[in-house]
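Trainee: If you're matching them up, the sequences are chains A and B in order. For my numbering, add 27 to where a residue sits in the first sequence, where the first one is 1. For my numbering, add 27 to where a residue sits in the second sequence, where the first one is 1. Think of the CB as a built atom: it goes at the ideal place given N, C-alpha and C, for glycine as much as any other residue. Pasting in a structure now, in structure tokens, and then I'll have a few things to ask.
Protein chains: 2
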Amino acid sequence: MATDIAKAERRVPLTRERVLRAAIERADQGGLEALTMRKLGQELGVEAMALYHHFANKDDLVDGMVDLVFGEIDLPDGGPDWKRAMRKRAVSVRDALLRHRWAIGLMESRRTPGPANLRHHDAVIGSLRAGGFDIATTAHAYSLLDSYIYGFALTKMNLPFETSEEVGEVAQAMLEPFPAGEYPHLMEILTDHVMQPGYDYGDEFEYGLELILDGLAKMHDQA
Amino acid sequence: MATDIAKAERRVPLTRERVLRAAIERADQGGLEALTMRKLGQELGVEAMALYHHFANKDDLVDGMVDLVFGEIDLPDGGPDWKRAMRKRAVSVRDALLRHRWAIGLMESRRTPGPANLRHHDAVIGSLRAGGFDIATTAHAYSLLDSYIYGFALTKMNLPFETSEEVGEVAQAMLEPFPAGEYPHLMEILTDHVMQPGYDYGDEFEYGLELILDGLAKMHDQA
DNA sequence: CCTGCTACTTTACGTTGTAAACCTGACGCC
DNA sequence: GGCGTCAGGTTTACAACGTAAAGTAGCAGG
Chain A
28 MATDIAKAER
38 RVPLTRERVL
48 RAAIERADQG
58 GLEALTMRKL
68 GQELGVEAMA
78 LYHHFANKDD
88 LVDGMVDLVF
98 GEIDLPDGGP
108 DWKRAMRKRA
118 VSVRDALLRH
128 RWAIGLMESR
138 RTPGPANLRH
148 HDAVIGSLRA
158 GGFDIATTAH
168 AYSLLDSYIY
178 GFALTKMNLP
188 FETSEEVGEV
198 AQAMLEPFPA
208 GEYPHLMEIL
218 TDHVMQPGYD
228 YGDEFEYGLE
238 LILDGLAKMH
248 DQA
Chain B
28 MATDIAKAER
38 RVPLTRERVL
48 RAAIERADQG
58 GLEALTMRKL
68 GQELGVEAMA
78 LYHHFANKDD
88 LVDGMVDLVF
98 GEIDLPDGGP
108 DWKRAMRKRA
118 VSVRDALLRH
128 RWAIGLMESR
138 RTPGPANLRH
148 HDAVIGSLRA
158 GGFDIATTAH
168 AYSLLDSYIY
178 GFALTKMNLP
188 FETSEEVGEV
198 AQAMLEPFPA
208 GEYPHLMEIL
218 TDHVMQPGYD
228 YGDEFEYGLE
238 LILDGLAKMH
248 DQA
């Protein structure tokens, strides 16, 4: 009995799952460069080297993190309304990428994609095929959509400002070292559009997405 | 005279320019993680710390590299044929990004953009405005185009294969750990399309670009 | 009681960015 | 001509990183 209590007080053992959750949380908050084996271990009440009993190396850990992110994305249903399914999927991917910005450059680069990754790809292709796209157009559509979604997340992540108010300071700091009037068009669009109250770069996503979906619909009907 | 010869044999002094060129070359070949201050110094016949007389820190160096890449991009002319100008610019950006893959995640993230960066943005906005786009639609168009271009470069860079022949091995290695028939649609598109001789993922770029340009033309005419 | 395994710790190594101090040859100035 | 100043390098040093290698504590099964 005494030993049982001693056991209960013992640290709960690590699992891949628990490590991955903690790793994602850290990366979400501080970016990938804040994710070091030592700090991650510390957060879990463990030395860094303990992690290597559950992951071959840091890359293996990152592979696992990426597949968990893929798992957060809603799979498109297989119904005939491919447009609705693609819209929903696009928004879901964008949301996941903005929740986990560190993942943007990694989602497709892993040489050993996890099951959630493959299932996701399979479902998207299946949805387009079920919607009536032939193979070649499916490939076009998938490339176009993913390029746009990932690119949007990438450029949004990289923007040095978040809110409409911040833009003012940042823009001023950027342009300050240069003679006034050097970049008139940039200046105009910043002051007359981006810095206007209510502007949110995030809203651009839907505009581009609808334009692309409409274009794909045209291709779909032509085929 | 003897001293002159001694002088001539002396090392040519470093300049920002010379360092940046060497840094870009290294990064082009080995990626950003191959770019270390020590190796870069070694390549230039100098100790690592010597670089800090020309750059405040590594970030400053990377800022300079990014602006050189921006300088390689053809500026759009200001003529009324905005579509031609945008097409040419898009291809030029894509080419620059594929030459300098390390730059893709960095182009827009620098808090202190260089002159080539700002000039580039200014010229693109100017070209769209000259083509007849109003301010709001210009913002939409720019966001859409850049998201697509950067996203395409990102996804292409991240593909674990380059040639059509490579796909076979890589795909097999990827799917090998899973039961056959687990991902039928993925399987189909790989075998019946991607692995077919002559397929090149790079060709997808033009397809998507034309679709987007056509969509923008429609918006242009409606306004 | 021994054996061996699992989960974790300890120690150590090479590599990274970079702070701080030091050296050295060229140039301006009286 | 001598002398201070300084730009442009070198040397040394440090903390943080990923991770190899070896050690250890506690339990399971014979």
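What residues in the segment 201-219 of chain B have a beta carbon less than 9 Å from any beta carbon of chain A?
Mentor: Those would be Met201, Leu202, Pro204, Phe205, Glu209, Tyr210, Pro211, His212, Leu213, Met214, Glu215, Ile216, Asp219, in chain order.
Trainee: Does any C-beta atom of chain B lie closer than 9 Å to the C-beta of Asn185 of chain A?
Mentor: So yes, Asn185 of chain A belongs to the interface.
Trainee: Return the CA-CA distance between Glu189 of chain A and Val221 of chain A, expressed in angstroms with no decimal places.
Mentor: Computed Cα separation, rounded: 11 Å.
Trainee: If the cut is a Cβ gap below 8 Å, which residues of chain B does Leu145 of chain A touch?
Mentor: Correct list: Met201, Leu202, Phe205, Glu209, Tyr210, Leu213.
Trainee: Mind pulling the chain B residues with CB within less than 8 Å of Asp173 of chain A?
Mentor: By Cβ distance, chain B contributes Gly178, Thr182.
Trainee: Can you give me the Cβ contacts of Ser191 of chain A inside the same chain, cut-off strictly under 8 Å, excluding the 5 residues immediately before and after it?
Mentor: Around Ser191 of chain A: Val221, Met222, Gln223, Pro224, Gly225, Tyr226, Asp227.
Trainee: Taking DSSP as the reference, what is the three-state secondary structure of Gly208 of chain A?
Mentor: Residue state, collapsed to three classes: coil.
Trainee: Going straight from the alpha carbon of Ser174 of chain A to that of Pro40 of chain B, what length do you get?
Mentor: C-alpha separation (whole angstroms): 43 Å.
Trainee: What would DSSP say about Ile32 of chain A, mapped onto helix, strand or coil?
Mentor: For Ile32 of chain A, the pLDDT reaches just 35, beneath the cut-off of 50, and the residue's location in the model is therefore unreliable, although a value from the coordinates is still provided. If DSSP states are grouped into helix, strand and coil, Ile32 of chain A belongs with the helices.
Trainee: DSSP three-state label for Gln249 of chain A, please.
Mentor: Residue state, collapsed to three classes: helix.
Trainee: Cβ of Thr138 of chain B within 9 Å of Cβ of Pro187 of chain A?
Mentor: Looking at the sequence shown, residue 138 of chain B is not Thr but Arg. Yes, the pair counts as a contact, with Cβ atoms nearer than the cut-off.
Trainee: In angstroms with no decimal places, state the Cα-to-Cα distance between Gly251 of chain B and Leu78 of chain A.
Mentor: The shown model of chain B, from 28 to 250, leaves out residue 251 of chain B, and the question about it has no answer.
Trainee: His80 of chain B: buried (16+ other C-beta within 10 angstroms of its C-beta) or exposed?
Mentor: His80 of chain B comes out exposed.
Trainee: Give me the residue from B:Thr42, B:Gly153, B:Arg111, B:Pro206 with the minimum Cα distance to Arg146 of chain A.
Mentor: Minimum Cα distance to Arg146 of chain A is reached at B:Pro206.
Trainee: Looking at the secondary structure, which residues open and close the alpha helix (DSSP H) in which Asn185 of chain B lies?
Mentor: Run containing Asn185 of chain B: 162-185, per the alpha helix (DSSP H) assignment.
Trainee: Please state whether DSSP places Val96 of chain B in a helix, a strand or coil.
Mentor: Of the three classes helix, strand and coil, the one that applies to Val96 of chain B here is helix, per DSSP.
Trainee: Rounded to a whole number of angstroms, what is the C-alpha to C-alpha distance between Gln199 of chain A and Thr218 of chain A?
Mentor: So the two alpha carbons sit approximately 11 Å from each other.
Trainee: If the criterion is Cβ atoms closer than 9 Å, does the pair His247 of chain B and Phe179 of chain B meet it?
Mentor: Not a contact, by the Cβ cut-off of 9 Å.
Trainee: When we look at the beta-carbon of Thr42 of chain A and count the other beta-carbons within 10 Å, is it buried (16 or more) or exposed?
Mentor: The residue is exposed, with fewer than 16 neighbouring Cβ atoms inside 10 Å.
Trainee: Which stretch, first to last residue, makes up the alpha helix (DSSP H) that contains Leu155 of chain A?
Mentor: Counting along the chain, the alpha helix (DSSP H) containing Leu155 of chain A begins and ends at 142-157.
Trainee: At which residues does the alpha helix (DSSP H) containing Asp55 of chain B begin and terminate?
Mentor: Counting along the chain, the alpha helix (DSSP H) containing Asp55 of chain B begins and ends at 43-57.
Trainee: Can you check whether the C-beta of Gly242 of chain A is within less than 9 Å of a C-beta belonging to chain B?
Mentor: Answer yes: the Cβ-Cβ gap between Gly242 of chain A and chain B drops below 9 Å somewhere.
Trainee: In the structure shown, what three-state DSSP assignment does Tyr226 of chain A receive?
Mentor: Residue state, collapsed to three classes: coil.
Trainee: Just checking my contact of Glu215 of chain A with Thr182 of chain B at CB under 8 Å: how many whole Å lie between their CB atoms?
Mentor: Actually they do not touch by this definition, with Cβ atoms about 33 Å apart.
Trainee: Would you tell me roughly how many angstroms separate the C-alpha atoms of Arg116 of chain B and Gly141 of chain B, rounded to the nearest one?
Mentor: Distance between the alpha carbons of Arg116 of chain B and Gly141 of chain B is about 19 Å.
Trainee: Within 10 angstroms of the Cβ of Gly57 of chain B, are there 16 or more other Cβ atoms? Answer buried if so, exposed if not.
Mentor: Exposed.
Trainee: How far does the alpha helix (DSSP H) with Trp129 of chain B in it extend, from its first residue to its last?
Mentor: Where Trp129 of chain B is concerned, there is no enclosing alpha helix (DSSP H), given that its DSSP letter is neither H nor E.
Trainee: Helix, strand or coil: which one does DSSP assign to Arg37 of chain B?
Mentor: Low per-residue confidence applies at Arg37 of chain B: pLDDT is 48, beneath 50, and the placement is therefore not dependable enough to give any value.
Trainee: For Ala198 of chain A, report the span of its alpha helix (DSSP H) as first-last.
Mentor: Here the alpha helix (DSSP H) through Ala198 of chain A covers 191-202.
Trainee: Buried or exposed: Glu231 of chain B, going by 16 or more other Cβ atoms within 10 Å of its Cβ?
Mentor: By the neighbour-count rule (16 or more Cβ atoms within 10 Å), Glu231 of chain B is buried.
Trainee: Using a Cβ-Cβ cut-off of 9 Å, state whether Val120 of chain A counts as contacting chain B.
Mentor: So, not an interface residue.
Trainee: Under 9 Å, CB to CB, which of the residues in the segment 97-115 of chain A have a partner in chain B?
Mentor: Residues passing the 9 Å Cβ filter: none.
Trainee: Taking Cβ-Cβ distances shorter than 8 Å, what residues in chain A pair up with Pro142 of chain B?
Mentor: Simply Phe205.
Trainee: To the nearest angstrom, how far is the alpha carbon of Ala244 of chain B from that of Leu88 of chain A?
Mentor: If I take the Cα positions, the gap works out to 46 Å.
Trainee: Can you list the residues of chain B that His167 of chain A reaches, using a CB-CB cut of under 9 Å?
Mentor: Near His167 of chain A (Cβ distances below 9 Å), the residues of chain B are Glu231, Tyr234, Gly235, Leu238.
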